[in-house]
Each structure stands twice: as structure tokens, then as C-alpha cells.
Amino acid sequence: MSERKQRPAARILLLDGEGRILLFRFTPADRPPFWCTPGGAVDPGESYEAAARRELFEETGIVADPGSEVARRIADFITLDGVPVTGDERYFLIRADTVEVDTSGHTPLEQRVMQEWRWFAREDIATFPEPIFPVDLLDMLATLETP
Numbered sequence: 028m029s030e031r032k033q034r035p036a037a038r039i040l041l042l043d044g045e046g047r048i049l050l051f052r053f054t055p056a057d058r059p060p061f062w063c064t065p066g067g068a069v070d071p072g073e074s075y076e077a078a079a080r081r082e083l084f085e086e087t088g089i090v091a092d093p094g095s096e097v098a099r100r101i102a103d104f105i106t107l108d109g110v111p112v113t114g115d116e117r118y119f120l121i122r123a124d125t126v127e128v129d130t131s132g133h134t135p136l137e138q139r140v141m142q143e144w145r146w147f148a149r150e151d152i153a154t155f156p157e158p159i160f161p162v163d164l165l166d167m168l169a170t171l172e173t174p
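Pasting the structure below:
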């Protein structure tokens with residue numbers, strides 16, 4: 028078996044004025060659907076902060092400063108393209124002034140597998156019937172100062 032590729036990624040903990048978090052539903056052909064925070068791979072030469080800003084705009088249409096990293100997670104997984112990776116995921120907290128999401132910046136792959144999104148109240152996350160990633164999202168949010 029080949030070695031896992033390293034995949035630095037910036038992920039967004041995007042909270043609205045009510046403290047709900049935005050998650051996207053992924054529907055890949057090779058596994059059951061799951062929900063995940065906005066974000067994605069860091070491009071070569073790009074900082075995590077710049078990637079967070081870019082990914083936020085591409086996936087939601089929102090322009091905002093990601094501020095400082097608030098959490099870090101290392102996880103092994105298989106990308107939507109089928110590549111085994113070790114992800115070095117850095118999380119950034121952004122509070123949204125809007126609940127409107129513009130997905131017109133999605134790549135063709137994202138358009139295919141990220142066709143649904145919603146704002147989740149924290150109490151809905153623990154009992155939601157589909158997987159939500161990161162698996163420790165509620166713990167991560169609990170460590171942050173939120174409204």
C-alpha cells in the first residue's frame with residue numbers, strides 16, 4: 028500500500044448570530060453521505076489563514092478575516108478524489124453577519140457532492156442521523172467563547 032499524502036487544510040467554524048454552525052452535506056458515490064465544515068486544502072505557498080479566507084469565499088460567498096487558528100486536528104481519511112491522506116487541519120472561527128450562502132464559487136467536484144447546506148444548532152448535532160465531521164465538533168465548539 029502506498030504512503031498517505033500529507034494534506035494541509037484550513038477549515039472554518041462559521042457561526043451565525045444565533046451560534047448555529049454552517050455545515051455542508053457531502054454525497055460521494057463511494058461512501059454514505061456526511062456533513063462537514065466549510066474549508067479545504069491549502070494551496071502550495073499559501074498560508075492556512077489565506078486558505079481559510081479563500082475557502083470561505085469560494086464555498087459560501089462570504090468575505091471575512093479568519094483571524095487566528097482556534098483548533099488543530101490531524102486525521103487520516105480518503106479524499107473525495109479517492110486519495111488516502113493525513114490531513115493537518117487548522118480551524119478558524121468566523122462569525123457571520125448573514126445566513127445567506129452563495130455556492131456559485133464551488134468547483135465542479137463540489138457542485139457534484141456538496142448540494143446541500145444548513146445551519147445546525149448545537150443540540151441537533153449530537154443526535155443527527157448522519158455523520159458530522161470533525162467527530163469532536165461539539166467539544167471543539169465548547170472550548171470557544173460563543174454567544
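Just so we're on the same page, our numbering is the position in the sequence shown counted from 1, plus 27.
Glycine included, every Cβ here is placed at the ideal spot set by N, Cα and C.
Quick caveat, the model's predicted, so the values are computed rather than measured.
Q33 has T113 as its beta-bridge partners, per DSSP. Taking the CA atoms as reference points, V140 sits about 9 Å from F51. The shortest CA-to-CA distance from I48 to any of P111, T87, P35 and G72 is the one to T87.
Taking all protein chains shown into account, A79 has 16 or more neighbouring C-beta atoms within 10 Å of its C-beta and is therefore buried.
By DSSP's assignment, G67 forms a beta bridge with A37. In the structure shown, L171 falls within a coil segment according to DSSP collapsed to helix, strand and coil. By the beta-carbon neighbour count (other beta carbons within 10 angstroms, threshold 16), V126 is exposed.
Short of 8 Å from the beta carbon of Q33, and not among the five residues preceding or following it, lie these beta carbons of its own chain, in chain order: V112, T113 and D115. Residue range R149 to I152 is occupied by the alpha helix (DSSP H) that includes D151, with no beta strand (DSSP E) assigned at that position. R80 carries a helical assignment under DSSP once its states are collapsed to helix, strand and coil.
As a beta-bridge residue in DSSP terms, E143 pairs with R52. L120 sits in a strand when the DSSP states are folded into three classes.
R100 has E116 as its beta-bridge partners, per DSSP.
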